[in-house]
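Chemist:
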Amino acid sequence: MQVTARGKSQLDGSSVVSLIDHHRPNWSLEQAFYVDPAIFELERELWFPRQWSLVAHNSEVPERGRYIVRQLFDEEIIVVRFGDGEGDIAAYYNVCTHRGSRLCAKDGRGRLLVCPYHAWSFRLTGELQTRQDLPGGVDPDAVGLHRVPTKCLGGLVFCGLEEASLPDFQPVADALDGELREHGIDRARIVARKSYPMRANWKLVFENFLECYHCGPAHPEYSSVNAHVKVSATRDKDKAAEWHQELETWRSLVGDAEFNKRVWEPGGLDKTPFGMHRKPIGDGRKTLSQNGQPVSRLMGGRNTYDGGQTGFRVGRLSFLSAANDFVAAYQFIPRNVAETDIVVTWLVDKDADANVDADAISWLIHVTTLQDLKIVGDNAAGVASRAYRPGPYTALESEPSSFTQAYLAEMRSLLTGERPTAAPVWQLPEGYAGQSGCKVTQTA
Amino acid sequence: MQVTARGKSQLDGSSVVSLIDHHRPNWSLEQAFYVDPAIFELERELWFPRQWSLVAHNSEVPERGRYIVRQLFDEEIIVVRFGDGEGDIAAYYNVCTHRGSRLCAKDGRGRLLVCPYHAWSFRLTGELQTRQDLPGGVDPDAVGLHRVPTKCLGGLVFCGLEEASLPDFQPVADALDGELREHGIDRARIVARKSYPMRANWKLVFENFLECYHCGPAHPEYSSVNAHVKVSATRDKDKAAEWHQELETWRSLVGDAEFNKRVWEPGGLDKTPFGMHRKPIGDGRKTLSQNGQPVSRLMGGRNTYDGGQTGFRVGRLSFLSAANDFVAAYQFIPRNVAETDIVVTWLVDKDADANVDADAISWLIHVTTLQDLKIVGDNAAGVASRAYRPGPYTALESEPSSFTQAYLAEMRSLLTGERPTAAPVWQLPEGYAGQSGCKVTQTA
Amino acid sequence: MQVTARGKSQLDGSSVVSLIDHHRPNWSLEQAFYVDPAIFELERELWFPRQWSLVAHNSEVPERGRYIVRQLFDEEIIVVRFGDGEGDIAAYYNVCTHRGSRLCAKDGRGRLLVCPYHAWSFRLTGELQTRQDLPGGVDPDAVGLHRVPTKCLGGLVFCGLEEASLPDFQPVADALDGELREHGIDRARIVARKSYPMRANWKLVFENFLECYHCGPAHPEYSSVNAHVKVSATRDKDKAAEWHQELETWRSLVGDAEFNKRVWEPGGLDKTPFGMHRKPIGDGRKTLSQNGQPVSRLMGGRNTYDGGQTGFRVGRLSFLSAANDFVAAYQFIPRNVAETDIVVTWLVDKDADANVDADAISWLIHVTTLQDLKIVGDNAAGVASRAYRPGPYTALESEPSSFTQAYLAEMRSLLTGERPTAAPVWQLPEGYAGQSGCKVTQTA
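Protein chains in written order, with the numbering used here: chain F, 961 to 1404; chain U, 961 to 1404; chain P, 961 to 1404.
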């Protein structure tokens, strides 16, 4: 007998470890990691529960009793404000503890969360309120709602699947809370939200997000607005010189302290990755709009446009891009092995004009993400072919290369129980602002 | 190696037995029973073939040569009248014995069943008619149609998947044939039929059907018509007293013999469950219509409205609800692990006015079943979450609790070959009519 | 433990061999071969790579730089003309060697194949052109496009999945190239193309194509045009006599040499099957049109209508039906275990009138294939039933019987590594032209 019938889902943990051990560093992943439902199931069981993810902005639950229904990986959760303090926000799986029904069909407000099936009611803090129907011998405390770990940070709400598996969130809070507030994110309101259903494995979606090598062929609008494409999308020396000139100009405008502001924690199984860095938009543009002119009121403590943009990352799957007058928050939501949602939420200052132009604000990221929708769909189609082989990451793809390397090291450790032998080195691409003197918190 | 990649379909028989052995009585089922395709496959192989199911009313095959195409579990069957006797009805799998083609695309009439592919023709009794093309050496009797076991009962046609696995039908016939005829079901015609595609495992659909605890929150129309919700949907003592008053009033109207009429066989692997019970609709209503007033001609031997309603159950998956002037027959049809059809057929007396108002007749069950469609879809969504845990059945959910207990005992026995150690006790909820003196046929 | 939960995809190679060893010759296949995804996966891995398939006509890539995107089994490929010679055609998997993206979204023209993702560019001969971004140490020759084996034959382009698994194509070329050119296929243009998405396993689609026993019940138009149904669709002796008279009349018209022209290689694992045979359309019809009258210009070297039609087969999955003035080329494209595309391309002489009536040309095969779409869908539905059992092929189904026998022998050999003990005998049905004196190349 030479062969056996192998469906794509016949991989077990040890064959995945073997695939990992044969991975060639700096080459893209083996096909199975992009297409095999069994690997997605392992990620769902082992890797996703270790990730903190952005799920909401605090303006979505503005007062006690307001609740919203949101997606956390393949799970639906309810995010509830249970008190008046900024951090008085909890989240629960959207599952009634009686017979398992979906509890809330949509966003709402109330003193209790009431299941539409048998009217079991739960307090905003999760405990069962209506206990008169409970059979004798059942401890009411054992049938409170199933909590979703929740953290509030600078106006944002983050959740994770399992308390026991999540890394400490405190270092992220210590490092980023102040910066997020300085950017006015805690005092913002939502002006637009769009969901992009990518027909691709979440790692393809994510690798695409992490590199700008494709910006030249694929993103003309993005490239026309962002001067950093001179170093992130090409290795042309003349363009690199132009960018370094742009950097020096911006340094003299904002000052060395602002210029060197940078936080970078590559993270690992026991550490939430996070980061922040600033750079100029370039070409005298004030914000990330089509003509570079303001599209909303200045946010945070700012009283003048400084022509910079700020990137935040919290955990592996949440990002923010902040111009001076608006912020875009990205959520990456893996739905199944072949589908991933990107949800983008645009924020402006809460006192911004009620008639602010949401289309102008969302223009750049919207056109770019629609282009990415096509790109990653085509990438997924090709990766599924019997002709797909891992290919080499180029110098402009160091971020996806670092990510896949870190991902594989973490999966190996989760599958074997062994500690990674060496922490993957993951650095921001060269040529960005703040190369020296920055506050890098990387720890071995 | 700590874990292996487990798709949801990797359960084998022994792990299902282990799940059963860890079941906590009076709590809902473990997640796998509601979502795992491997368990559905086991049910399809072991449990479904032991069930008799309602498939048709005899008015659908009124004369010799009439045939209809119907669904039996995930199989399509042809029900044929082959003779003039009331019971001269046979059924066949809708599969040609030549190359396997679907034989009949839709209901029809003829002396032969002719396959549209190669025109192989079969007699109404299943034998191959056109034998001239058969290769030498092939026994024509070996290529007759594959029969589906069929029983006729009080105007209804019941089928099962496999002769060898089905329990004896005779006790059902002995117990219910007369009652069904007294209700005029053998002399009825179909006035409406609707199919409700539930996006949920059949056991969730079924558990929902078996309890009225959800009637308060979910079924206002049903609750406004049926006085029994005073005991079936709540445990309020005052309402219970009202219901008992209602019962006494009805007892004095119909007499003790009618009041105590009740049949109940909980069934088991070797016994088809069946039952019948009567109770008043309540509040002076004559029938199950919106205003309680008649919607069709009186059925059966009846010459006056007695304000009662009758519930019949035959096997695990077929029910009838009979008012004095119309009958609704329910079929539960599991299609796959996540989809179940409920088909409801409304019957009236065959001599009823041709312009009878089908919408008025089907009103209550139609609005209620549409509500259930939403409810069980939400239940299925929640049950699929990683946060789902079995929950406790309340006192008002004794029927689903009895059903799941019986289901698990039967599955365990089918998987292990061991006899159940104790027959599950399954009784009608308290507070219904006929508590004493009823004919209960439960046998150990 | 009596049973285990078996999903349909749990078959392994040895259980498939066991199914094969229990096959009853001259009966249709066991259910698993028509419905089990694991068997499709084995075919995809072992059997499909051994098949040459028609993918294009050379008029689709008329000059250097023209490329087209086509389907080869479940793979998308790019067929490219890289030079001016008739055979200067290559094909590649539609997968970029950088990160695996789909390379070409649609047909086009250019000096290079440029990936829309990161603009990696490949020469028409497959080599990577843009090498400046390659990381150090990566051999540019190792990242050329993944070639698809390609052969040109009489104006047609054939491809296969894997060079190492494909049988020699030369015998096909030696036998058929001249005949295809005599029929003018190399000097043709495409006048219509239609795709028929059959909801059935490819073997059901294929068996249906190979027999005309169903032509009577299912294909009235086909039967009205083709006199050969007198022997291929029935075993009526009087009709057989009429057909033999038709043959004799045609023999006296075309002469013995033309009459006896016939090529037949049943093929095997190491030999590509191929064949050609001619027969009269019948009833004085000049071509395969509705009224038998010409619908386009005569093709090839022909200067008069001879009333004949020619069937070509190349490999197991490609067929041509040639009338004197048009040709229909059939591609059978298995997409997954339950779906198969038939693509039909109609060709006329390249100098035919620009206003030639495509509907008249495609009429017969279009109506017939639409009927087959329904037929094979119903066949697939029945074959999936638990009541399906293999059935006996009749004398008029010798071709599907030969095919399934050959298929099983080949699968067994691929699964076990053992040579078939006896070559299956596969002959054209009796009663066709050229019974004696024909050039049969069958080799043991």
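Note that beta-carbon positions come from the ideal geometry of N, C-alpha and C, so glycine has one too.
Quick one: what's got a C-beta closer than 6 Å to residue 973(U)'s C-beta in the same chain, skipping five residues either side?
Modeler: 1375
Chemist: Buried or exposed: which applies to residue 1053(U), given that a residue is buried once 16 or more other Cβ atoms fall within 10 Å of its Cβ?
Modeler: buried
Chemist: Closer than 7 Å by C-beta to residue 1295(U): which residues in its own chain qualify, once you throw out the five before and the five after it? Chain order, please.
Modeler: 1034 and 1301
Chemist: Do residue 1246(U) and residue 1127(U) have their C-beta atoms within less than 7 Å of each other?
Modeler: no
Chemist: Residue 1128(U) bridges to which residues according to DSSP?
Modeler: 1231(U)
Chemist: Looking at residue 1301(F) and the ligand GDP, is the gap between the Cβ and the nearest heavy atom below 6 Å?
Modeler: Of ligands this structure carries none, so the ligand GDP is not represented either.
Chemist: Using the Cα positions of residue 1175(F) and residue 1074(P), report the straight-line distance between them to the nearest angstrom.
Modeler: C-alpha separation (whole angstroms): 15 Å.
Chemist: If you measure from the beta carbon of residue 1079(P) to each beta carbon in chain F, is any gap under 7 Å?
Modeler: yes
Chemist: With C-beta atoms as the reference, is residue 1104(U) less than 7 Å away from residue 1088(U)?
Modeler: Yes, the Cβ-Cβ distance between residue 1104(U) and residue 1088(U) is below 7 Å.
Chemist: So what does DSSP say about residue 985(P), is it helix, strand or coil?
Modeler: coil
Chemist: Give a yes or no on whether the minimum CB-CB distance between residue 1399(F) and chain P is below 7 Å.
Modeler: With a pLDDT of 39 at residue 1399(F), under the threshold of 50, the modelled position of that residue is not reliable, and no figure is offered here.
Chemist: Tell me the rounded alpha-carbon separation between residue 1172(P) and residue 1153(U).
Modeler: Rounded to the nearest angstrom, the two C-alpha atoms are 41 Å apart.
Chemist: If you measure from the beta carbon of residue 1062(F) to each beta carbon in chain U, is any gap under 7 Å?
Modeler: yes
Chemist: Three Cβ pairs or more, each shorter than 8 Å: is that satisfied between the segment 1347–1364 of chain P and the segment 1042–1060 of chain U?
Modeler: The segment 1347–1364 of chain P, when compared against the segment 1042–1060 of chain U, does touch it at the 8 Å Cβ threshold.
Chemist: Between the alpha carbons of residue 1328(P) and residue 1155(P), how many angstroms are there, rounded?
Modeler: 13 Å
Chemist: On a Cα-Cα basis, can you pick out the residue from 1137(F), 1099(F) and 1252(F) that is closest to residue 1046(F)?
Modeler: Out of 1137(F), 1099(F) and 1252(F), 1137(F) has the C-alpha closest to the C-alpha of residue 1046(F).
Chemist: Relative to the alpha-carbon of residue 1027(P), which residue among 1044(P), 1049(P) and 1013(P) has its alpha-carbon at the smallest distance?
Modeler: If we check each option's Cα against that of residue 1027(P), 1049(P) comes out closest.
Chemist: Specify the secondary structure class of residue 1256(F) as computed by DSSP and reduced to three states.
Modeler: coil
Chemist: Can you give the Cα-Cα distance for residue 1083(F) and residue 1068(F), rounded to whole angstroms?
Modeler: Computed Cα separation, rounded: 14 Å.
Chemist: For residue 1130(U), count neighbouring Cβ atoms within 10 angstroms of its own Cβ and tell me buried if that reaches 16, exposed if not.
Modeler: Counting every other CB atom within 10 Å of its CB across the protein chains shown gives residue 1130(U) a total below 16, marking it as exposed.
Chemist: If we count the other Cβ atoms within 10 Å of its Cβ and call it buried at 16 or more, is residue 1013(F) buried or exposed?
Modeler: buried
Chemist: Are residue 1243(F) and residue 1187(F) touching if we call contact CB-CB under 7 Å?
Modeler: Going by beta carbons, residue 1243(F) and residue 1187(F) fall inside the 7 Å limit.
Chemist: Give me the chain F residues within the contact set of residue 1095(P), using Cβ-Cβ distance strictly less than 8 Å, ordered along the chain.
Modeler: Chain F residues near residue 1095(P): 986, 1352, 1353, 1354 and 1355.
Chemist: Use the C-beta contact count for residue 1124(F): other C-beta atoms within 10 angstroms, 16 or more gives buried, fewer gives exposed.
Modeler: By the 10 Å Cβ count, residue 1124(F) comes out exposed.
Chemist: So which of 1076(F), 1212(F), 1379(F) and 1178(F) has the shortest CA-CA distance to residue 1179(U)?
Modeler: 1076(F)
Chemist: Indicate whether at least one CB of chain P lies closer than 7 Å to the CB of residue 1196(F).
Modeler: no
Chemist: Residues of chain P with CB closer than 7 Å to the CB of residue 1343(F), please, in chain order.
Modeler: 1060
Chemist: Reducing DSSP to helix, strand and coil, say where residue 1031(U) ends up.
Modeler: strand
Chemist: Counting pairs of beta carbons, one from the segment 1319–1327 of chain P and one from the segment 1248–1267 of chain P, are three or more of them closer than 8 Å?
Modeler: yes
Chemist: Are residue 1119(U) and residue 1015(U) close, meaning C-beta to C-beta below 7 Å?
Modeler: yes
Chemist: Ends of the alpha helix (DSSP H) at residue 1204(P)?
Modeler: Segment 1197–1214, the alpha helix (DSSP H) holding residue 1204(P).
Chemist: Here's the rule: buried if 16 or more other CB atoms are within 10 angstroms of the residue's CB, otherwise exposed. What is residue 1144(U)?
Modeler: buried
Chemist: Are the Cβ atoms of residue 1151(P) and residue 1316(P) separated by less than 7 Å?
Modeler: yes
Chemist: Output yes or no for whether 7 Å exceeds the beta carbon distance between residue 1274(P) and residue 1160(P).
Modeler: no
Chemist: Mind checking whether residue 1287(P) and residue 1280(P) have CB atoms under 7 Å apart?
Modeler: yes
Chemist: Quick check on the DSSP output: the alpha helix (DSSP H) that includes residue 1412(F) runs from which residue to which?
Modeler: There is simply no residue 1412(F) to check, as chain F begins at 961 and stops at 1404 in what is shown.
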